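Going left to right, the sequence shown walks through residues 1 to 135 as the working numbering numbers them.
Quick notes on the structure that follows.
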Amino acid sequence: MDKLKKTVKESLENFDKAIPDDLVRKQLEMEGVDLNEQSLSQDKFIKQLTFRLKSKSNVLKNDSMLDKASNYFKDALTKGLDRPIAYMNNLIQTNQLQTQFSRLEKMSEEQIKDIIKDQNLIEILEMLEKESEGQ
């Protein structure tokens with residue numbers, strides 16, 4: 001990304017040196033281009049692009065946290081740690097999930113993700129990390 005920024009910056013600087021801004025503006029105005037409207041359109045496009053980039057970043061971050069939490073729960077279930085198991089049972093009851101999840105130790109990672117995906121993942125990760133440090 002830094003290389004792209006550098007290339008764009010250098011290209012703009014070279015363009016500015018070759019053709020002065022005021023000459024470009026005059027030519028565009030003679031062609032009937034509304035520079036204020038173009039500027040607003042560019043600003044809108046930049047905001048949309050920024051929003052999409054942040055959204056994609058958040059999706060990736062949330063997926064990573066969900067994977068980490070589900071792995072902690074799976075490990076906690078195999079080790080028989082009481083607190084995470086109790087927390088998982090509470091989530092199942094809170095979410096009113098069907099009894100298909102009644103055997104926690106046989107749950108797949110995807111089933112664990114289904115249970116915890118709408119929860120506060122940061123809170124869950126902190127609780128599980130504290131539990132694993134207490135071992």
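Using N, Cα and C, we set each Cβ at its ideal position, and we do this for glycine too.
Remember, predicted model here, so these are calculated numbers, not experimental data.
Within 10 angstroms of the Cβ of Lys79, are there 16 or more other Cβ atoms? Answer buried if so, exposed if not. Residue numbering aside, residue 79 sits at position 79 when the sequence shown is read from its first letter. With fewer than 16 other Cβ atoms within 10 Å, it is exposed.
query = From Thr7 to Asp82, what distance separates their C-alpha atoms?
reply = The residue you call residue 7 lines up with position 7 of the sequence shown. The residue you call residue 82 lines up with position 82 of the sequence shown. Straight-line Cα distance between these residues: approximately 56 angstroms.
To the nearest angstrom, how far is the alpha carbon of Ser11 from that of Leu4?
Along the sequence shown, read from residue 1 onward, the residue named residue 11 stands at position 11. Along the sequence shown, read from residue 1 onward, the residue named residue 4 stands at position 4. Cα to Cα, Ser11 sits roughly 10 angstroms from Leu4.
Can you look up Asp21 in the DSSP assignment and give me helix, strand or coil? Within the sequence shown, the letter at position 21 stands for residue 21. Helix at Asp21.
**OP:** For Asn89, name the three-state secondary structure that DSSP assigns.
**Re:** Along the sequence shown, one-based indexing puts residue 89 at 89. Note: Asn89 maps to helix in three-state DSSP.
Here's the rule I'm using: 16 or more other beta-carbon atoms within 10 Å means buried, otherwise exposed. How should Met30 be labelled? Translated into positions along the sequence shown, residue 30 becomes position 30. Answer is exposed; the Cβ neighbour count stays below 16.
Nonlocal neighbours in the same chain, by C-beta distance under 8 angstroms from Leu128, ignoring five residues either side
Translated into the one-based positions of the sequence shown, residue 128 becomes position 128. Only Ala69, Tyr72, Phe73, Ala76 and Pro84 meet the Cβ criterion.
- Query: For Asn71, does the three-state DSSP call read helix, strand or coil?
  - Reply: Your numbering for residue 71 matches position 71 in the sequence shown. Of the three classes helix, strand and coil, the one that applies to Asn71 here is helix, per DSSP.
Rounded to a whole number of angstroms, what is the C-alpha to C-alpha distance between Gln48 and Lys61? Here residue 48 refers to the residue found at position 48 of the sequence shown. Here residue 61 refers to the residue found at position 61 of the sequence shown. Cα-Cα distance, rounded: 20 angstroms.
Straight-line gap, Asp16 to Leu53 (C-alpha atoms, nearest Å) | Within the sequence shown, the letter at position 16 stands for residue 16. Within the sequence shown, the letter at position 53 stands for residue 53. The straight-line gap from Cα to Cα measures roughly 29 angstroms.
query: Is it the case that the CB of Ser41 approaches a heavy atom of the ligand HEM more closely than 6 angstroms?
result: For the structure depicted, the ligand HEM is absent and the ligand set is empty, with no information on it obtainable.
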